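Taking the UniProt record's numbering, I'd label the letters of the sequence shown as residues 1 to 373. By construction, the Cβ of each residue, glycine as well, lies at the ideal position given by its N, Cα and C atoms. All values reported here derive from a predicted model rather than from experimental measurement. Encoded as structure tokens, the structure appears first; notes follow it.
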Amino acid sequence: MGNKLNLCNGNNPEQHEQRLIHAKNSPGSPPRWSEKRSRFGSDEGMNFDSSPGEYDEFQISQKNKIVSEHCTPTPSSKTEHRSTRVLGENINYDNQVLPPKYPVSEENQFFNSRRISNLNLIILSDGPMKGSCLQITPNGLKGTDRDQQDGYTYFGSKTGASSASENYGYSNREETDFVIPKQESGNAHGRHFYIRYDYDEQNYKIKDLGVGSGVFMKLDYPTPLRDNHLINIGESYLIINLISTSQRIKALESDTESDDDDSFKVDRGDDIPKIRIKVFGGPNSGQVFYSNGMDTDEIKIGRSNYCNISINDEVLSKYQSKIYYDFDLGHWMIKDGGDKKCSLNGTWLYLNEEYTLYEGMKFKAHSLIFLVK
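As structure tokens, then:
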């Protein structure tokens, strides 16, 4: 067996080049080489052995190039590396962005283009702190008096405020970091929602905690609907229920539906979940609408009489939002506005699950509206 030399374990690159030149000019059979690159960099490097074979100028140049890549420090301008990788992105050894390995959905493309490193929340709604900026870091809210820097920022209300300054803004209690005005939060005391930093995904998450009237995000793009999603438009709320084919068949077999109610009749070959939309609050509270995804292209919601769900609310636009089934994605979707423009006051989704914050996102808690920057 031939002697092996490992060239990427801390040796001087100039010595490597001298060995290569010496190997070329030495009598007898020149060494044959093989490249062996470590997954993480340079632990294994290149090995040479003295078994027979040709050793030409091209091989020497390739060795010098690889030795330089692994063992020679390069200028800082050429050592820029991405600290985060976006969904679907493919990067080669030269840090070049290649076409995605797999298709990236419209939702992921939206998030990738609006990633944020430092979170600033601008208060848009009228009040004493309109235009104020809340700075949130991976450790939590800057300026908070809450003892724990655990990566969470809690928004909520408290009781027993001793001065007017404690009714709004930064909290000096342990429960919350930011106090929602008492007149806005009503009698709901405690933590209403939180924002935290996700170190694995390197982004910020928001989630409602079920206290108060809830935190809602404004829809900026077509969003997949899930069972029990809650939508706010004007003074009304829409409860979304998705009923799978198996659930409807089970309901029919157990005779839970009345004989004259054909809203749950199914075609066993149809895998599209049926959608049930119930309105509560506002002038049309109690209205229910069903669709199987095949009876209409889209469900229009708004103030116009031409809408499938018409709500007599002056706060709403004529075409406030629409719900439709996307056969490519296999999901029911909701989109704010009509085909050409968004609604005036927005369509809002209740955040009962963790949701990723992005640049330009708006969310509201009670009547406070925040803008993510």
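In terms of alpha-carbon separation, which member of the options lies closest to residue i?
i	options	result
T176	G151, D200, D271 and Y199	G151
D208	R226, D147 and F155	F155
G286	Y237, D200, W332 and L242	Y237
S304	Y204, S291, S343 and D295	S343
D271	H189, N292, G281 and I334	N292
L329	K318, G302, I122 and T223	T223
M294	Y306, V288, G281 and W332	W332
Y350	L225, P181 and Y290	L225
Y325	I309, D297, L316 and Q149	D297
H189	R196, G140, K341 and S157	S157
R196	N118, N312, I311 and L316	N118
Residue i bridges to which residues according to DSSP?
i	result
Y194	Y154 and K207
K362	L371
N120	Q135
N241	R276
P224	M333
V315	Looking at the DSSP assignment, V315 forms no beta bridge with any residue, so it has no partner.
I231	L238 and L349
G302	S310
G293	For G293, which the question treats as bridged, DSSP gives no partner whatsoever.
G140	T137
S343	DSSP, once it has assigned bridges, lists no residue as partnering S343.
Y355	I206
F216	Y350 and K364
S321	I301 and D336
What number of angstroms, rounded off, separates the C-alpha of residue i from the C-alpha of residue j?
i	j	result
N232	V279	10 Å
R191	T153	10 Å
S132	N120	10 Å
residue 377	V215	The question about residue 377 has no answer here: the residues shown for the chain are numbered 1 through 373.
Y194	K274	33 Å
K318	I299	13 Å
D145	S321	42 Å
I301	R276	14 Å
E314	S213	22 Å
I323	L357	23 Å
N284	T137	43 Å
K373	I122	7 Å
N352	G210	8 Å
Y221	D339	12 Å
H229	I243	13 Å
F327	I240	19 Å
Q202	C307	41 Å
Q149	F178	14 Å
I309	N345	17 Å
L141	F289	43 Å
D227	P181	32 Å
K341	G127	29 Å
Apart from the five residues just before and just after residue i, which ones in its own chain have a Cβ nearer than 6 Å to its Cβ?
i	result
Y355	I206
D198	K205
T347	L219, I233, S321 and D336
K364	F216
L371	I122, L124 and K362
Go through its chain and collect everything with a Cβ distance to residue i's Cβ below 7 Å, but skip five positions before and after it.
i	result
I369	L124, S125 and K362
G282	G234, E235, S236, I311 and D313
N139	Q149 and G151
Should residue i be listed as close to the ligand COA, given that the test is whether its C-beta is under 7 Å from any heavy atom?
i	result
Y319	Among the components of this structure there are no ligands whatsoever, and the ligand COA is therefore not found.
So, at 8 Å on beta carbons, what are the nonlocal neighbours of residue i in its own chain, with the 5 sequence-adjacent residues on each side left out?
i	result
K130	I123 and L124
D200	none
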